[in-house]
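Beneath this line is the structure, given in structure tokens, with notes to follow.
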Amino acid sequence: MSHARGGPKGNFDLGKYIIVKLEKANRNFEMIADPNEAWKAKQIIKKLLQKEPEHQLQVEEILNNSDIDLESIFPTYDFFLNVKKGDRVTEADLENAFATTDPRTIAAYFLIDGDFAWTKAQRDQWLEKKRKQIINILARNSINPQTKRPHPPNRIEKALEEARVSIDINKPAEEQIDAIVKRIQTVIPIRIETIQMAVKIPAEYAAKAYNTVEQYAQVKQSEWQTDGSWIGMISLPAGLQMELLDKLNKLTHGRMQSKLIQK
49 MSHARGGPKG
59 NFDLGKYIIV
69 KLEKANRNFE
79 MIADPNEAWK
89 AKQIIKKLLQ
99 KEPEHQLQVE
109 EILNNSDIDL
119 ESIFPTYDFF
129 LNVKKGDRVT
139 EADLENAFAT
149 TDPRTIAAYF
159 LIDGDFAWTK
169 AQRDQWLEKK
179 RKQIINILAR
189 NSINPQTKRP
199 HPPNRIEKAL
209 EEARVSIDIN
219 KPAEEQIDAI
229 VKRIQTVIPI
239 RIETIQMAVK
249 IPAEYAAKAY
259 NTVEQYAQVK
269 QSEWQTDGSW
279 IGMISLPAGL
289 QMELLDKLNK
299 LTHGRMQSKL
309 IQK
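Numbering (the working numbering), first residue to last: 49 to 311.
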């Protein structure tokens with residue numbers, strides 16, 4: 049069955065698209081999907097289910113989710129028994145299996161329960177992206193407890209390789225950090241740490257410096273002095289301390305003051 053958005057006719061080359069398969073009412077149905085857009089949507093769904101592990105996702109939740117664009121995921125609302133042969137389904141097939149012929153509703157079923165045939169190359173690409181995300185998180189949030197300085201990203205990357213860390217492509221990067229830190233501690237001294245620091249900025253640089261501070265840290269307390277200078281108590285990842293201080297020193301020509309309150 050074909051719908052207004054157009055699509056493949058007869059036998060065709062998938063090109064950049066992948067096949068999605070779904071078994072319903074003891075029959076196999078297929079659609080084509082954009083692999084990247086489908087992957088993004090599946091990650092959104094996983095986050096939703098993590099909040100309520102026992103929740104059974106409903107079609108209406110997909111249709112009403114502003115972060116999920118079915119038109120981007122499925123280039124056409126064509127439904128098949130066999131995509132490569134161009135063997136399309138009938139309206140009766142859809143009605144019998146899905147109790148509807150509405151294309152967006154059926155596409156939502158595919159997104160929730162369909163089997164997406166991602167290629168190894170596509171999975172490798174997303175795995176590499178997640179690996180870089182994890183390296184960035186560690187570089188920003190961790191330090192070498194022996195030197196109190198952050199590890200450069202290339203050292204963290206090497207540690208991941210040496211410790212043979214396995215990254216879960218389906219799990220959010222943030223949720224893997226604790227386990228990864230424990231693993232690479234066998235290779236390098238590393239610790240996730242947040243620091244508390246007091247900073248004082250002269251009046252002529254205060255406004256611009258405040259904006260810079262907010263890009264790196266959470267401002268816990270803020271006081272504007274009668275002379276126009278600014279004093280702030282801030283909290284930030286230990287790995288960003290040197291970068292922030294370097295920027296503030298350049299901005300104020302070395303006239304800012306800082307004091308580490310808590311390690």
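C-beta atoms are modelled at their ideal positions from N, C-alpha and C, and glycine is treated no differently.
By the neighbour-count criterion, in which 16 or more other beta carbons inside 10 Å mark a residue as buried, residue 148 falls on the exposed side. Each residue's CA atom was taken as its position, placing residue 66 and residue 105 some 23 angstroms apart. Checking the DSSP bridge columns, you'll see residue 178 has no partner listed. Within the segment 138-214, the alpha helix (DSSP H) runs of at least 4 residues that lie entirely inside it are, in chain order, 139-146, 151-161, 168-189, 201-210. Comparing C-alpha distances from residue 166 to each of 271, 73, 256, 82 shows the shortest one belongs to 82. Residue pairing by DSSP places residue 271 opposite 279 in a beta bridge. Per the Cβ contact rule, the segment 225-237 is in contact with the segment 182-202 (3 or more Cβ pairs under 8 angstroms). If you draw a straight line from the Cα of residue 240 to the Cα of residue 285, it is about 8 angstroms long. When DSSP assignments are scanned along the segment 53-99, the uninterrupted stretches of alpha helix (DSSP H) that are 4 or more residues long and fall wholly within it turn out to be 83-99. Here residue 105 carries a coil assignment [DSSP, helix/strand/coil]. By the neighbour-count criterion, in which 16 or more other beta carbons inside 10 Å mark a residue as buried, residue 289 falls on the buried side. At the C-beta level, residue 276 and residue 251 come within 8 angstroms of one another. Within the same chain, and ignoring the five residues on either side of residue 97 in sequence, the residues whose Cβ sits closer than 7 angstroms to its Cβ are 103, 105. Residue environment analysis places residue 78 among the buried positions, since at least 16 neighbouring C-beta atoms fall within 10 angstroms of its C-beta. Boundaries around residue 221 are those of the alpha helix (DSSP H), 221-232, since no beta strand (DSSP E) includes it. For residue 308, DSSP records a beta bridge to 245.
The C-beta separation of residue 125 from residue 151 comes to about 4 angstroms, placing the pair in contact by the 8 angstroms criterion. If you look at residue 292, you'll find it in the alpha helix (DSSP H) that goes 289-299. Taken through DSSP and simplified to helix, strand or coil, residue 238 comes out as coil. When the Cα atoms are used, residue 274 and residue 245 turn out to be separated by approximately 22 angstroms.
Boundaries of the alpha helix (DSSP H) harbouring residue 259: 251-264, taken from the DSSP string. Residue nearest to residue 172 within the set 205, 215, 198, 190 is 215 (criterion: CA-CA distance). A Cβ-Cβ separation of about 5 angstroms places residue 238 in contact with residue 190 under the 8 angstroms criterion. Relative to residue 287, the option among 261, 198, 271 whose CA is nearest is 198. Counting every other CB atom within 10 Å of its CB across the protein chains shown gives residue 272 a total below 16, marking it as exposed.
A straight-line Cα-Cα distance of about 30 angstroms links residue 258 and residue 180.
Residue pairing by DSSP places residue 128 opposite 78, 136 in a beta bridge. Where residue 114 is concerned, there is no enclosing alpha helix (DSSP H), because DSSP gives it neither an H nor an E.
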